[in-house]
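For reference, the structure is listed below as structure tokens.
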Amino acid sequence: MAVRLPAFLHEAMRQAAEQAYPHEMCGLLVGAPLPEGGGWQLTAWRQTANLHPSPHRHFLIDPSAHLALQRHLRQEQPSLAVIGHVHSHPNGRAMPSPTDRALIGDPALVWLVLGVLDGRVVDSRAWRPSPGERQGFAPLPLLTATISQDDEKTS
């Protein structure tokens with residue numbers, strides 16, 4: 001299983017994480033499953049406000065933003081769904097933290113984590129909750145494809 005991420009989406013997430021620094025950036029990932037259980041194709045993302053009272057160390061996505069996006073997709077783009085979320089770790093690594101492990105709600109969701117060091121994204125990694133793993137997460141290959149936003153809209 002892998003996560004296919006168009007380069008233009010990765011760049012937008014990188015910019016958002018760097019602008020949010022020293023706070024955590026967060027958002028919702030939109031996409032569809034790849035054929036035969038091959039993973040997920042990301043097609044969009046929506047940055048959300050970080051509502052956590054300590055945004056420099058934690059993130060909290062507004063549940064109403066999540067529900068609104070799910071509703072929109074069901075009505076307007078039923079082939080797509082919210083498949084996960086993205087957040088950054090200011091001055092941290094692109095791997096799930098103990099807090100992330102404690103927040104696992106839906107084991108089917110993809111977690112995309114961006115490590116930010118001194119205001120610059122230095123690493124991006126995809127994860128999937130996995131109760132059998134010591135870390136509580138298993139890594140997923142993150143495949144960044146160089147396609148334009150116009151190409152993505154027409155496919």
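The numbers in my numbering rise by one with no breaks, and the one at position 19 of the sequence shown is 19. In this text, a Cβ means the ideal position worked out from N, Cα and C, and glycines have one as well. Fair warning: this is a prediction, and the values are worked out from it, not measured in the lab.
My guess is that residue i and residue j are in contact by the Cβ rule of under 8 Å, so how many angstroms apart are they, rounded?
i	j	result
Thr43	Leu80	6 Å
Ala126	Leu112	5 Å
Checking the sheet assignment: what are the DSSP bridge partners for residue i?
i	result
His56	Paired residue(s): none; His56 is not in a bridge.
Gly27	Gln47, Val86
Pro139	Trp127
Gln41	Arg4, Ala32
Could you tell me if residue i is buried or exposed, where buried requires 16 or more neighbouring beta carbons within 10 angstroms of its beta carbon?
i	result
Asp106	exposed
Lys153	Residue placement at Lys153 is flagged as unreliable, the pLDDT there being 45, under the threshold of 50; a coordinate-derived value is accordingly withheld.
Ser155	Any reading at Ser155 must be qualified, since the residue scores a pLDDT of 35, below 50, and its modelled position is unreliable; no value is offered.
His85	buried
I'd like to confirm something about residue i: is its beta-carbon nearer than 6 Å to some heavy atom of the ligand NAD, or not?
i	result
Val113	For the ligand NAD, the structure offers nothing, since it holds no ligand at all.
Establish whether the CB of residue i and some CB of chain C are separated by less than 7 Å.
i	result
Pro35	Reference to chain C is not applicable here, since this structure consists of a single protein chain.
Excluding the 5 residues flanking residue i on each side, which residues of the same chain have their C-beta closer than 8 Å to its C-beta?
i	result
Val116	Ala17, Glu18, Tyr21, Ser88, His89, Pro90, Asn91, Gly92, Val122
Leu28	Trp45, Arg46, Thr48, Ile61, Ala65, His66, Leu69, Val82, Gly84, His85, Val86
Following the continuous alpha helix (DSSP H) through residue i, name the residue where it begins and the one where it ends.
i	result
Leu69	63-76
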